[in-house]
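Heads up: the sequence shown begins at 0 in numbering that gives the first Met the number 0, then just goes up one per residue.
We put the CB at the ideal spot given by N, CA and C, even for glycine.
Here is the structure we will look at, set down as structure tokens.
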Amino acid sequence: MSGSSSAPVKPKWWSTAAAQSLVIFPKASKTRWPTTAALEDDDEVLLAKAIEVVKKQRSASASLLQRKLNLGFPKAASLLDRMEEMGVVGPEQKAGRTRIVLIGGEDDDLEGWG
0 MSGSSSAPVK PKWWSTAAAQ SLVIFPKASK TRWPTTAALE DDDEVLLAKA IEVVKKQRSA
60 SASLLQRKLN LGFPKAASLL DRMEEMGVVG PEQKAGRTRI VLIGGEDDDL EGWG
């Protein structure tokens with residue numbers, strides 16, 4: 000292969016403009032990615048919402064959090080683990096079972112938890 004070219008390889012059905020737009024897009028994008036602190040703030044807000052859900056429902060499970068907060072399973076399970084560490088919910092009973100909610104209704108003060 001003595002005559003190699005430095006031109007990008009593209010499928011025959013792609014137009015040159017389409018190929019160039021893919022190359023230009025990352026340079027032109029003004030997307031600002033959230034900082035770690037902003038992500039942590041979002042997690043704290045989500046945790047507070049999850050606590051309110053389990054207090055109101057008087058039960059706690061990943062599937063409940065998935066439905067009520069529109070989350071994926073990994074995030075819902077992570078929130079349950081954090082709530083267990085905080086003493087909001089009890090430990091996992093059996094796979095797929097709800098956890099016992101250890102805090103009361105609206106009167107409980109969560110200040111200083113976590």
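Can you tell me whether DSSP reads residue 81 as helix, strand or coil?
Mapped onto the sequence shown, residue 81 falls at position 82. It is helical.
Let me know if residue 99 comes out buried or exposed under the rule of 16 or more other beta-carbons within 10 Å of its beta-carbon.
If you number the sequence shown from 1, residue 99 lands on position 100. Counting Cβ neighbours within 10 Å, residue 99 comes out exposed, since fewer than 16 surround it.
For residue 97, collect the residues of the same chain with a Cβ closer than 8 Å to its Cβ; drop the 5 residues on either side in sequence, then sort them by chain order.
Along the sequence shown, read from residue 1 onward, the residue named residue 97 stands at position 98. Exclusion of the five residues before and after residue 97 leaves 58, 59, 60 and 63 as the residues of its chain whose Cβ lies within less than 8 Å of its Cβ.
Since residue 66 is in the alpha helix (DSSP H), which residue starts that stretch and which ends it?
In the sequence shown, counting from the first residue as 1, residue 66 sits at position 67. Where residue 66 is concerned, the enclosing alpha helix (DSSP H) stretches over 61-68.
I need the straight-line Cα distance from residue 113 to residue 50, nearest angstrom please.
Counted from its first residue, the sequence shown places residue 113 at position 114. Counted from its first residue, the sequence shown places residue 50 at position 51. Here the model assigns residue 113 a pLDDT of 43, short of 50, so the residue's position is not dependable, and the following value carries that caveat. Taken atom to atom, the span from the alpha-carbon of residue 113 to that of residue 50 is near 12 Å.
What does the Cβ neighbour count give for residue 75, buried or exposed, with the cut at 16 atoms within 10 Å?
In the sequence shown, counting from the first residue as 1, residue 75 sits at position 76. Its Cβ being crowded by 16 or more others within 10 Å, residue 75 is buried.
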